[in-house]
Amino acid sequence: QCLPVYLFAGVICAQTCPLGFWPGSGIAVAVGFSLKLLACALQQKCFGERLGKSMWIKSQVGVNKPLIRAIEAVLRTPGWSMGKVCILCGGPDWPTSVLAGLLGLPLSEMELGTIPIIFFVTPCTLSGSFYSRASESQTWDNAASLMVASTVVVNAAMWVAAAWCIQDKFDRCHHELTQPRVDDVDLDWLDHCSMQLAESCVINWWEVPRTVWGPAIVGLILEVFVGHCFYWVPSMFFGNFEVTSDVASLRVYGGENGLIKKPGLFGLICAAVGFLGLVHLYCYIRRVQAVPFAEKWKRLRKLEASWKEQRRLAAIEASGMHVPSGTESAVMESL
Numbered sequence: 014q015c016l017p018v019y020l021f022a023g024v025i026c027a028q029t030c031p032l033g034f035w036p037g038s039g040i041a042v043a044v045g046f047s048l049k050l051l052a053c054a055l056q057q058k059c060f061g062e063r064l065g066k067s068m069w070i071k072s073q074v075g076v077n078k079p080l081i082r083a084i085e086a087v088l089r090t091p092g093w094s095m096g097k098v099c100i101l102c103g104g105p106d107w108p109t110s111v112l113a114g115l116l117g118l119p120l121s122e123m124e125l126g127t128i129p130i131i132f133f134v135t136p137c138t139l140s141g142s143f144y145s146r147a148s149e150s151q152t153w154d155n156a157a158s159l160m161v162a163s164t165v166v167v168n169a170a171m172w173v174a175a176a177w178c179i180q181d182k183f184d185r186c187h188h189e190l191t192q193p194r195v196d197d198v199d200l201d202w203l204d205h206c207s208m209q210l211a212e213s214c215v216i217n218w219w220e221v222p223r224t225v226w227g228p229a230i231v232g233l234i235l236e237v238f239v240g241h242c243f244y245w246v247p248s249m250f251f252g253n254f255e256v257t258s259d260v261a262s263l264r265v266y267g268g269e270n271g272l273i274k275k276p277g278l279f280g281l282i283c284a285a286v287g288f289l290g291l292v293h294l295y296c297y298i299r300r301v302q303a304v305p306f307a308e309k310w311k312r313l314r315k316l317e318a319s320w321k322e323q324r325r326l327a328a329i330e331a332s333g334m335h336v337p338s339g340t341e342s343a344v345m346e347s348l
């Protein structure tokens with residue numbers, strides 16, 4: 014969820030609204046709720062539906078896999094249902110909305126199912142509003158903590174309910190969700206090709222030259238070490254900037270007063286250098302696999318038409334539709 018956005022809106026609107034604290038908090042809630050609905054619509058229509066035109070992207074997402082098909086079945090439920098609401102409101106903004114666009118789900122139904130997000134936006138925004146007055150008394154500080162706890166509980170409950178509804182749909186419709194579909198033949202072919210290509214060239218670790226695995230291991234150790242340093246001693250590497258601080262006073266890098274201190278900059282550079290070792294290993298693997306992959310892909314292309322036809326017939330048979338015989342197919346082609 015856009016937790017920082019809601020918190021920041023609560024802080025800013027409650028402090029600057031000329032109408033007062035409570036009207037400002039109400040405006041912040043309305044703004045957060047409107048932004049959520051607008052973001053879902055833009056992500057679904059402008060990104061999800063456009064990305065859905067690419068077979069490769071749909072294959073990578075796995076829209077033909079049982080899990081995504083179970084999620085699709087839950088989201089296609091008309092109106093409000095517990096599973097639909099919990100997936101749309103509890104799921105992360107970008108993946109959920111883009112997936113809805115990839116699946117070609119109606120925008121009106123997705124927006125309708127997102128309306129209950131108001132029960133998450135309200136306590137989350139109010140926690141920012143109350144936090145802006147925490148220095149006035151302990152009551153405001155306790156209220157802010159209560160709103161944060163309410164936000165966590167609501168979000169956790171939606172995650173649990175969404176997982177339960179998806180699993181329930183998968184259990185009740187297991188046979189239907191695991192059967193091949195005619196519309197997914199091209200995606201199934203891409204999955205089949207990926208499996209065949211992965212098996213055509215397996216690289217064993219002990220076959221990798223030392224000049225390749227050496228920098229990769231050193232880079233991995235460096236990445237882990239820097240990450241632990243940043244996690245356990247953050248004050249040594251980074252400065253503090255509160256949500257209520259003046260933006261004009263923000264300095265990204267400036268010695269001890271900057272957001273990134275000198276040790277922090279050095280750590281970021283070390284992490285970037287360590288990452289280069291992993292990039293070197295990735296490039297080596299791609300280079301070694303290039304020729305076997307090209308040869309295997311040529312053989313797969315020759316089998317594509319027959320494989321898809323067999324898959325299509327299997328999908329038709331699984332759906333209970335009539336499979337045309339050879340004579341019927343010839344008559345249909347002549348027509």
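Going by this note's numbering, the first residue of the sequence shown is number 14, and it counts up by one from there.
Virtual Cβ for every residue (Gly too), placed ideally from N, Cα, C.
Query, Result
"Alpha helix (DSSP H) runs wholly inside the stretch 161-196, at least 4 long, in chain order", "187-191"
"Cβ shell of Phe-34 (< 6 Å), same chain only, five flanking positions each side left out", "Ala-27"
"Cβ distance (whole Å) where Leu-101 is taken to contact Gly-126 below 8 Å", "4 Å"
"Reference Ala-284, options Val-237, Val-246, Leu-272, closest by Cα", "Val-237"
"Inter-residue spacing [alpha-carbon to alpha-carbon] between Ala-86 and Val-292", "39 Å"
"Helix, strand or coil at Phe-21 [DSSP, three-state]", "helix"
"Residue from Cys-53, Ala-156, Ser-150 whose Cα sits closest to the Cα of Trp-107", "Cys-53"
"Range covered by the alpha helix (DSSP H) that runs through Ile-216", "Segment: none, Ile-216 is in no alpha helix (DSSP H) and carries neither H nor E."
"Residue(s) in a DSSP beta bridge with Tyr-266", "Ile-273"
"Segment contact flag, the stretch 110-122 with the stretch 86-96, C-beta cutoff 8 Å, min 3 pairs", "yes"
"Exposed unless 16 or more other CB atoms sit within 10 angstroms - verdict on Asn-217", "exposed"
"Stretch-stretch touch, CB-based, cutoff 8 Å, three pairs: the stretch 208-215 with the stretch 305-319", "yes"
"Spatially closest choice to Gln-323 from Val-198, Met-160, Gly-45, by CA coordinates", "Val-198"
"Cβ neighbours of Leu-159 in the same chain (closer than 6 Å, five flanking residues each side left out)", "none"
"Neighbourhood of Ile-298 by C-beta, 7 Å cutoff - its chain only, sequence neighbours within 5 removed", "Ile-216"
"Delimiting residues of the alpha helix (DSSP H) encompassing Phe-143", "131-144"
"Three-pair Cβ contact test at 8 Å for the stretch 44-53 versus the stretch 17-25", "yes"
"Span of the alpha helix (DSSP H) around Lys-71", "68-74"
"Proximity below 7 Å, CB of Cys-59 to CB of Met-171", "no"
"Closest by C-alpha distance to Leu-139, when choosing among Gln-56, Val-161, Leu-118", "Val-161"
"Residue range of the unbroken alpha helix (DSSP H) whose run includes Ala-83", "79-88"
"Top-ranked residue by Cα proximity to Leu-313, from Ser-262, Asp-204, Cys-296, Leu-263", "Asp-204"
"N- and C-terminal bounds of the alpha helix (DSSP H) containing Glu-124", "120-127"
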